[in-house]
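Visitor: For reference, the structure I am asking about is given below.
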Amino acid sequence: MFSDNKKPRPMNEFGGQPNRIEKNTKIKGDITSEADFRIDGKLEGNVTTSGKVVIGKDGYINGKVECVNADIEGRFNGELMVKDLLSLKSSATIEGTVSVAKLSVEPGATFNASCAMGKGAASTTKMQSTKKDEPAKAS
Numbered sequence: 001m002f003s004d005n006k007k008p009r010p011m012n013e014f015g016g017q018p019n020r021i022e023k024n025t026k027i028k029g030d031i032t033s034e035a036d037f038r039i040d041g042k043l044e045g046n047v048t049t050s051g052k053v054v055i056g057k058d059g060y061i062n063g064k065v066e067c068v069n070a071d072i073e074g075r076f077n078g079e080l081m082v083k084d085l086l087s088l089k090s091s092a093t094i095e096g097t098v099s100v101a102k103l104s105v106e107p108g109a110t111f112n113a114s115c116a117m118g119k120g121a122a123s124t125t126k127m128q129s130t131k132k133d134e135p136a137k138a139s
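If you count by the numbering used here, then the sequence shown holds residues 1 to 139, one letter each, in order.
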């Protein structure tokens with residue numbers, strides 16, 4: 001009837017349980033956590049986590065996301081800062097600004113974003129241009 005061999009829920013490397021925003025759920029606001037996030041619903045706001053962000057096929061984020069790793073199957077619009085690996089699946093649609101250390105893009109993904117890539121790209125300072133014809137300078 002009751003067994004002692006129940007499987008524990010998987011935990012991320014920081015010890016927290018993963019968080020999930022389910023399909024047909026809409027959230028407006030900012031989220032801060034050390035745990036991983038999976039978004040299958042819609043989020044208008046910012047996500048800051050020292051874990052991984054996954055946007056499912058039906059998921060959508062409009063805002064700013066700061067994370068260590070990200071897997072995107074759904075849609076994203078805004079500023080995306082990934083400290084390590086950003087993986088875009090074939091159904092992904094990205095618009096906005098992306099800063100990433102490593103980028104993986106499957107054929108079929110839509111990537112309409114300005115992108116800074118490299119080991120320190122996700123932690124670079126904001127770029128600003130003084131004149132229309134001059135290249136951007138770090139501030």
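Heads up, the beta-carbon is just placed ideally off N, CA and C, and yes, glycines get one too.
Taking a contact to mean a Cβ-Cβ separation below 8 Å, would you say D58 touches G78 in this structure?
Guide: Counted from its first residue, the sequence shown places residue 58 at position 58. Counted from its first residue, the sequence shown places residue 78 at position 78. Not a contact, by the Cβ cut-off of 8 Å.
Visitor: Please look up how many angstroms separate the CB atoms of C115 and V100, rounded, as I've assumed it's under 8 Å.
Guide: By 1-based counting over the sequence shown, the position of residue 115 is 115. By 1-based counting over the sequence shown, the position of residue 100 is 100. The pair is a contact, with the Cβ atoms about 7 Å apart (cut-off 8 Å).
Visitor: What are the boundary residues of the beta strand (DSSP E) that includes E95?
Guide: If you number the sequence shown from 1, residue 95 lands on position 95. Its beta strand (DSSP E) spans residues T93 to V105.
Visitor: Checking 8 Å against the spacing of the C-beta atoms, do N62 and D84 come in under that value?
Guide: Here residue 62 refers to the residue found at position 62 of the sequence shown. Here residue 84 refers to the residue found at position 84 of the sequence shown. Contact: no.
Visitor: State buried or exposed for G108, treating a residue as buried only when at least 16 other CB atoms are found within 10 Å of its CB.
Guide: Position 108 of the sequence shown, counting from 1, holds the residue named residue 108. Exposed is the call here.
Visitor: Which first and last residues belong to the beta strand (DSSP E) in which K28 is found?
Guide: Stepping through the sequence shown from its first residue, residue 28 is reached at position 28. It spans K26 to K28 - the beta strand (DSSP E) in which K28 sits, taken as one unbroken run.
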